[in-house]
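**Q**
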Amino acid sequence: MSDDNLAREREHEKLRRVLILTGGDDAPGLNAVLRAFVKTAIDLGMRVYGSEDGFAGLIDDPPRIVRLTEASVQGILPKGGSILGCSNQANPFAYPVTAPDGTEQTVDVSESVKATLLEREIDVLVLVGGDGTLEIGMRLAKMGVPIVGVPKALDNDLAATDLAFGLDTAVATATHAIDALHSTGEAHDRVMILEVMGRHAGWIALMSGIAGGADVVLIPEIHYDVDRVIEKIESRTSAGRRFSIVVVAEGSKPLGGTVSSITDAHDAIPQRHVGAGLQLARLLDGRIDHEIRVTVLGHLQRGGSPSSFDRLLGTRFGVRAAELCYHEDPCQIVALRGQEITAMPLEAAVSKHKRVPADGELAGVARAIGIELGQE
1 MSDDNLARER EHEKLRRVLI LTGGDDAPGL NAVLRAFVKT AIDLGMRVYG SEDGFAGLID
61 DPPRIVRLTE ASVQGILPKG GSILGCSNQA NPFAYPVTAP DGTEQTVDVS ESVKATLLER
121 EIDVLVLVGG DGTLEIGMRL AKMGVPIVGV PKALDNDLAA TDLAFGLDTA VATATHAIDA
181 LHSTGEAHDR VMILEVMGRH AGWIALMSGI AGGADVVLIP EIHYDVDRVI EKIESRTSAG
241 RRFSIVVVAE GSKPLGGTVS SITDAHDAIP QRHVGAGLQL ARLLDGRIDH EIRVTVLGHL
301 QRGGSPSSFD RLLGTRFGVR AAELCYHEDP CQIVALRGQE ITAMPLEAAV SKHKRVPADG
361 ELAGVARAIG IELGQE
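For the sequence shown, our numbering assigns the number 1 to the initial residue and increments by one for each residue that follows.
(1) Do K39 and S305 have their C-beta atoms within less than 8 Å of each other?
(2) Tell whether a beta-carbon distance below 8 Å holds between I245 and M192.
(3) When DSSP builds the beta bridges, which residues end up paired with L127?
(4) Can you find the residues in the same chain that come closer than 7 Å, C-beta to C-beta, to A321, ignoring five residues on each side of it along the sequence?
(5) Taking one C-beta from the stretch 79-95 and one from the stretch 38-53 each time, how about it: are there three or more such pairs within less than 8 Å?
(6) Do D215 and I371 have their beta-carbon atoms positioned less than 8 Å apart in this structure?
(7) Ordered along the chain, which non-local residues of its own chain (more than five positions away) have a Cβ less than 8 Å from that of A159?
(8) Between which two residues does the beta strand (DSSP E) holding V48 run?
(9) Could you tell me the distance, in whole angstroms, from the CA atom of G212 to the CA atom of T175?
(10) F93 to V107, Cα distance in whole Å?
(11) Between the C-alpha atoms of M138 and L34, what's the straight-line distance to the nearest angstrom?
(12) According to DSSP, simplified to helix, strand and coil, what is T98?
(13) Taking G29 as the reference, give the member of R241, G166, G129 and A99 with the closest Cα.
(14) What are the start and end residues of the beta strand (DSSP E) that includes T342?
(15) What does the Cβ neighbour count give for G360, buried or exposed, with the cut at 16 atoms within 10 Å?
(16) Less than 6 Å between C-beta atoms, sequence neighbours within five positions excluded: which residues of the same chain meet that for D267?
This is the structure in structure tokens:
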């Protein structure tokens, strides 16, 4: 081998290899993260790979790992979803399998995931995900896997970052739905209940409720008194406003009640909080002189083209994550603090949920303009 070829071979050997995956559910702006990460990492001289469908791509035999180039991320900035795919049921520490006897159980395949990363000579594993994905990242880090995290929380409940990408698009979608419900609710003198996402935190509900001019907003942080909701509706009726708009976060619940859900949580899959709007409708039924209609916005909040804000924030996150990989600074998570993108210890991502302060400025704004929150 010539000296030039030997030098090129040694340079090739020094290439830092990074692998990125998008865990959990999708959120608008994911592709912006991927695009920025790939472009920046390649520009810094790294080789980039992606795991398809979150951790599932690392768990499957053979692994579903793809090379990511600048061509891979062309044209994806305005697209929703993730070009790599997502999975919220592929926890390496509790992977669901069907036993020979037909029963469902979970198994720990984390050592297999680590072995796959070592076999592919991956230097850093980059996880784009919420608290579940980042909790997995912390456990892998304790096994010696270098981790860089990018926070993904559509309902903005991760304490590590002031804002998460996807929130702005979700709030805009919910606000548009409120605008549409105003006209049909007024035409039929109905109480229109809109259920939006927010298992632990009511940011989407409160922000869209203020932006859309809702009359009642119910969030997980404030257990609501249904009598106060009724009083608000009746006061509007007395004033000649024979319709009302109520925004309900999926994790909200009445005083003394429980969160409405259709599944229980277990090791592999989180509890699904669905039915808060119907729960409220049942509590109101027969106690108000209005027809009640419930709209569940559901995954419409996740889909569609991301807003310019979410594209920008996702891009900033992706660039910073690539820089952390290049500077060999793993076990960090990128975050927005004030106006700056910074890095924090991975533990900060899962230390606690970021909830709406019941006596905070945003709740105060809602009360000041006459929105009923279910309690003082």
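All residues carry an ideal CB built from backbone N, CA and C; glycine is no exception.
**A** Considering the structure as presented:
(1) no
(2) yes
(3) L21 and G149
(4) F37, V126, V148, V150 and V334
(5) yes
(6) yes
(7) A348, A349, S351, K352, H353 and K354
(8) R47 to S51
(9) 5 Å
(10) 7 Å
(11) 21 Å
(12) strand
(13) G166
(14) E340 to P345
(15) exposed
(16) Since pLDDT at D267 reaches only 47, below the 50 mark, its modelled position is unreliable, and no value is offered.
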